[in-house]
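J.: Those protein sequence lines, which keep their order, are chains A and B. Everything in the first sequence is counted per the numbering used here, starting at 68 for the first residue and increasing by one. Everything in the second sequence is counted per the numbering used here, starting at 58 for the first residue and increasing by one. Before I ask anything, here is the structure I am working with.
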Amino acid sequence: MSSIPDRLYIEESDRELYKKIEEAIDLFAKKTRKEQFIFAMAYGFSNKTRIPLKKKNDLFLAKDLKAEDEAIVNAIAICEKGSLEIITDKNFTYSIAEEYAHAGIRLLYEKIESIEFGSFWKDFEKDLFESFNNINFDSQIRYEQNSTSRA
Amino acid sequence: MRINSIKLKNYRQFGDIEIAFNKKQEKKDVHIFIALMGTGKSNLLNAINWCLYKKEPFLSRENKEKFPQLNSKRIEDAGEKPYRMMVEINAEAFNGQMSFKREQFIKVIKKPGVLNNTCQIERDAFYVTILDDKGNSKIYTNEEAKEKVRLFVPDGIKDFFFFDGEKLDKYFKEATGQNIKNAIYQISQVHLIDKIRDHMEKVLSDLHKEAGKLNPEIEETRRELERITGELETANTKLETCKSQIKIATEHIDEIEEHLRGVPEVGELQKQKDALVEDNKGQEKRYLRKVRTKQEMLFTSGIDINLFPVVSKVISMVEEKREKKEIPPRIDPDVLKDIIQRKICICKRGIDSSSEEEKAIINLLNTITLSPEITREIEKMESSLKSKKLVLKSYTSRMNEITSDITAIDGIISKNKEEIEKIDKQIEGFDMEQISDWTSQLREYGTARDKSLKLQGVIETQVSNLEKLQDGLQKKLDTEVKKETKVADIKNDIFFAENIIKVLKKASGRIIDLMREKIQEQTEKKFLDLHWKSQTFGNVFINKDYSIVPVHKATGFNCLSGLSGGETEILALAFSFALHNISGYESTIAVDRPFTNVSGITKQYISEVFVKIGDERQVILFLTPDDYTSDIKAVLENEASNIFTMKLSPDEKELVLEG
């Protein structure tokens with residue numbers, strides 16, 4: 068029986084990408100490694116891409132994950148496996164999260180490279196606007212994008 | 058009176074030169090000097106002034122500090138011996154010849170290095186020689202020589218003979234009522250009457266002293282009267298100074314207001330602009346804070362929106378499990394197992410084997426497929442996921458709120474910027490520094506005038522009180538003297554002296570008034586005679602405060618401020634002419650650059666005026682080649698007795714005269 072992992076990893080080469088994204092997005096630089104990881108993981112998941120890690124490099128300790136972080140990491144694993152029981156397998160849940168974060172950080176970097184400098188949030192807001200409008204809540208909630216040119 | 062010739066030796070640009078102002082037959086007594094700027098035109102006028110008054114009024118402060126009076130070539134060649142610098146004016150006056158000669162012997166002390174040479178005056182002399190019509194000559198020096206200059210053109214009124222054309226358009230702004238009053242005072246010769254009055258006041262004072270020796274009451278009153286008279290004189294001097302300050306401030310205020318006419322309220326606009334710039338700084342900070350908050354929202358919501366499918370799916374899975382009762386509601390399966398094994402309920406009651414209770418517990422245990430650990434984990438997760446879902450529902454309203462906040466702030470910033478641009482456009486093209494300088498000067502002069510006006514009120518009250526006091530004391534003194542029998546002998550002398558003083562006071566005032574009226578009459582006559590638009594103007598008044606007022610014929614208004622540069626120049630010449638006629642100082646009129654502030658056809662009119670003046674008086678004009686345009690030349694060339702061209706020598710150190 069494998070032991071419970073005490074930390075989460077990224078692909079070694081991704082560390083440079085995290086740095087570059089920090090340089091491009093001011094707010095990203097102000098976030099903790101864990102927050103950056105979760106953001107990348109969510110981005111990778113929304114793009115339905117996960118890539119297995121080849122050469123692992125630790126990023127932060129598992130104890131840094133709060134209940135709400137643990138909840139979404141578990142939720143992704145449950146969806147992948149189709150079973151609630153999988154949440155006890157931390158090796159699996161963390162590994163899935165790492166694979167999505169690995170793909171996510173690469174996709175984020177590609178996006179930043181492809182758009183005009185300083186326009187990330189405007190572009191991101193637009194993508195979120197589309198994703199949000201596809202969400203089907205119990206009651207129909209829609210929001211109208213009303214971004215300013217400087218946002 | 059006219060200048061026949063001027064000799065100059067080693068004075069500024071003039072090496073050794075004599076200029077003869079011969080009046081040619083059939084020509085007017087008009088003499089013209091044409092020279093480029095900086096050649097030495099103004100210095101010829103300075104030479105005349107230096108010779109007569111030892112002053113150089115046409116020298117800029119810069120030139121005064123930069124260039125020594127001694128010709129620069131002499132300074133270069135200087136040896137041990139001193140150089141003689143001299144200006145001599147030979148003039149026709151009082152049916153004879155007058156020669157004014159000022160000379161200085163200057164030694165140049167050479168020191169190594171740049172700007173280190175200095176000039177030391179070893180001897181300074183001034184002589185006036187008068188040759189009468191019988192050929193007798195007499196030389197005057199010191200005070201006598203100065204007295205002869207006063208006969209030619211007194212220092213106090215020289216500005217009405219030697220003009221700086223560049224300032225003629227502002228002539229009546231600079232030659233204030235006070236200057237004109239002084240000029241009239243000088244030519245009225247009332248100073249002689251004033252001298253007699255001063256003398257009589259001393260005599261009266263001595264008589265009072267004498268009377269006081271015989272009666273202590275008289276002495277005491279006399280002393281008090283003397284003290285009050287002294288205080289009154291001081292107060293009157295202060296009042297004059299105060300009035301003069303008010304006048305100066307008012308003139309400056311008028312001048313600055315003239316400059317600022319049509320100029321926007323720069324101070325107010327600048328304040329508005331500063332307030333807008335300051336507001337925008339605050340708005341920019343607010344804007345950045347809101348943008349940062351929005352980015353934080355996008356970061357957090359980005360995670361939640363991107364993961365919404367898993368959140369939603371897992372919540373559904375958990376709910377499905379709960380519906381199937383696969384998730385035990387607050388029941389631990391181990392407790393159920395323990396009950397079945399021990400056949401004892403939680404309430405300590407026994408349970409029979411194969412009883413309905415046992416069957417029910419076994420069924421319940423079979424439906425529970427998840428361990429208590431997993432169940433606890435799922436419940437915790439479910440709560441977090443549901444909370445995320447709930448927060449996400451308000452995403453729209455939160456995002457719309459922050460976006461509209463940002464849009465509103467952005468709107469304020471843009472509006473402020475538009476306002477700033479508008480203000481910038483309003484003040485565009487204006488010299489802000491100059492305007493700000495004028496505005497602050499206007500404030501300063503306004504404050505100074507207000508203070509002086511207040512002070513004037515205080516001093517006037519003081520003067521009035523002192524006059525009453527003086528009057529009372531005078532009456533008291535008169536009464537004391539009258540009733541004192543011991544002073545009977547000097548009573549008559551006192552009253553005689555007092556009457557003389559009264560008469561002299563009246564006479565002095567009356568003479569000045571008469572002079573003013575005569576000059577007014579002559580100025581008006583000459584102005585209308587010289588002016589090419591004689592129908593435009595009615596009278597010319599010299600007010601009691603000695604301000605000059607030309608009246609517009611049609612409207613009857615004072616039109617001094619509406620006169621063009623050329624018209625003001627004509628008025629100045631007319632006034633000077635009147636002053637010359639009344640005073641008897643019918644001397645030369647010399648004008649440096651008379652066309653500087655005149656344009657178009659007016660130049661031609663003014664040159665015709667000078668030709669006209671040349672019928673009665675010697676006129677010397679100093680022009681640049683640019684001033685001497687073809688239309689001016691057409692008027693002056695055939696009328697002028699002499700046209701001199703002034704040029705600098707090739708080494709630019711001495712002046713060469715042609716013509």
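From the three backbone atoms N, C-alpha and C, an ideal C-beta is built for every residue, glycine too. These figures come from a predicted structure and were not determined experimentally.
1. Just the C-alpha distance for residue 90/B and residue 588/B, rounded to the nearest angstrom, thanks.
2. Once the 5 residues before and after residue 631/B are set aside, which same chain residues still bring their CB inside 7 angstroms of it?
3. By Cβ distance, which residues of its chain are closer than 8 angstroms to residue 396/B, with the 5 residues on each side in sequence left out?
4. Output needed for residue 215/A: all residues of its chain with C-beta closer than 6 angstroms, excluding positions within five of it in sequence on either side, in chain order.
5. Looking at the C-beta of residue 200/A, does it have a partner C-beta in chain B at a distance below 7 angstroms?
6. Determine whether the beta carbon atoms of residue 244/B and residue 640/B lie at a separation below 7 angstroms.
7. Determine the contact status of residue 663/B and residue 676/B, defining contact as a CB-CB distance below 7 angstroms.
8. Grab the span of the beta strand (DSSP E) containing residue 187/A for me, first residue to last.
9. On a CA-only basis, which of 305/B, 64/B, 314/B and 125/B is nearest residue 178/B? Give me that one, please.
10. Can you tell me whether residue 96/B is helix, strand or coil according to DSSP?
11. How would you label residue 99/B, buried or exposed, when you count the other beta carbons within 10 angstroms and need 16 or more for buried?
12. Is the Cβ-Cβ distance between residue 661/B and residue 688/B less than 7 angstroms?
13. Return the first residue and the last residue of the beta strand (DSSP E) that residue 62/B is part of.
14. Do residue 128/B and residue 115/B count as a contact pair if the criterion is CB distance below 7 angstroms?
15. Less than 7 angstroms between the C-beta atoms of residue 180/B and residue 162/B, yes or no?
16. Can you list the alpha helix (DSSP H) stretches of 4 or more residues lying completely in the segment 418-479 of chain B, in chain order?
17. If residue 516/B and residue 295/B are in contact, beta carbons under 8 angstroms, what's the gap, nearest whole angstrom?
18. Contact defined as beta carbons within less than 8 angstroms: I believe residue 449/B pairs with residue 362/B. What is the distance between those atoms, to the nearest angstrom?
19. Looking only at DSSP bridge pairs, what is residue 680/B linked to?
20. Count the other C-beta atoms from every protein chain shown that fall within 10 angstroms of the C-beta of residue 232/B, then say buried if there are 16 or more, exposed otherwise.
21. Taking the continuous beta strand (DSSP E) assigned at residue 598/B, which residues delimit it?
22. Could you tell me which residues DSSP pairs with residue 194/B in its beta bridges?
23. Under 7 angstroms Cβ-Cβ, which residues of chain B neighbour residue 204/A?
24. Strictly under 7 angstroms for the Cβ-Cβ distance: is residue 339/B near chain A by that measure?
25. Report back the beta-carbon spacing between residue 92/A and residue 187/A to the nearest angstrom; my notes put them in contact at under 8 angstroms.
26. So with CB distances below 7 angstroms, who are the chain B contacts of residue 105/A?
27. Cβ of residue 74/A within 7 angstroms of Cβ of residue 128/A?
28. My output table needs one value for residue 172/A: the three-state DSSP class, helix, strand or coil.
29. Which residues in the same chain have their Cβ closer than 8 angstroms to the Cβ of residue 616/B, if we skip the five residues on either side of it in sequence?
30. For residue 616/B, does the three-state DSSP call read helix, strand or coil?
31. Whether or not the segment 80-88 of chain B and the segment 689-698 of chain B are in contact is what I'm after, with contact meaning three or more pairs of Cβ atoms, one per stretch, closer than 8 angstroms; do they touch?
32. Tell me the residue span of the alpha helix (DSSP H) that contains residue 506/B.
33. Examine the Cβ distances between the segment 347-361 of chain B and the segment 187-205 of chain A and report whether three or more of them are shorter than 8 angstroms.
34. If we cut at 7 angstroms on Cβ distances, does residue 755/B have a partner in chain A?
35. Counting only runs that start and end within the segment 643-691 of chain B, where is the beta strand (DSSP E) found for 3 or more residues in a row?
36. Rounded to whole angstroms, what's the CA-CA distance from residue 270/B to residue 154/B? Just pull it up for me.
T.: With the structure as the only source:
1. 25 angstroms
2. 580, 583, 584 and 587
3. 402, 403, 408 and 418
4. Only weak support exists for where residue 215/A lies, its pLDDT of 38 falling under 50; the coordinates are left without a value.
5. no
6. yes
7. no
8. Unbroken run through residue 187/A is the alpha helix (DSSP H), 187-200; no beta strand (DSSP E).
9. 125/B
10. coil
11. buried
12. yes
13. 59-68
14. no
15. yes
16. 429-450
17. 5 angstroms
18. 7 angstroms
19. 91/B
20. Note on residue 232/B: pLDDT 48, under 50, position unreliable in the model; the coordinate value appears next. Buried is the call here.
21. 594-599
22. 188/B
23. 450
24. no
25. 5 angstroms
26. 360
27. yes
28. helix
29. 594, 607, 608 and 609
30. coil
31. yes
32. 489-540
33. yes
34. As shown, chain B starts at 58 and ends at 716. That puts residue 755/B outside it, with no answer to give.
35. 646-649 and 676-680
36. 56 angstroms
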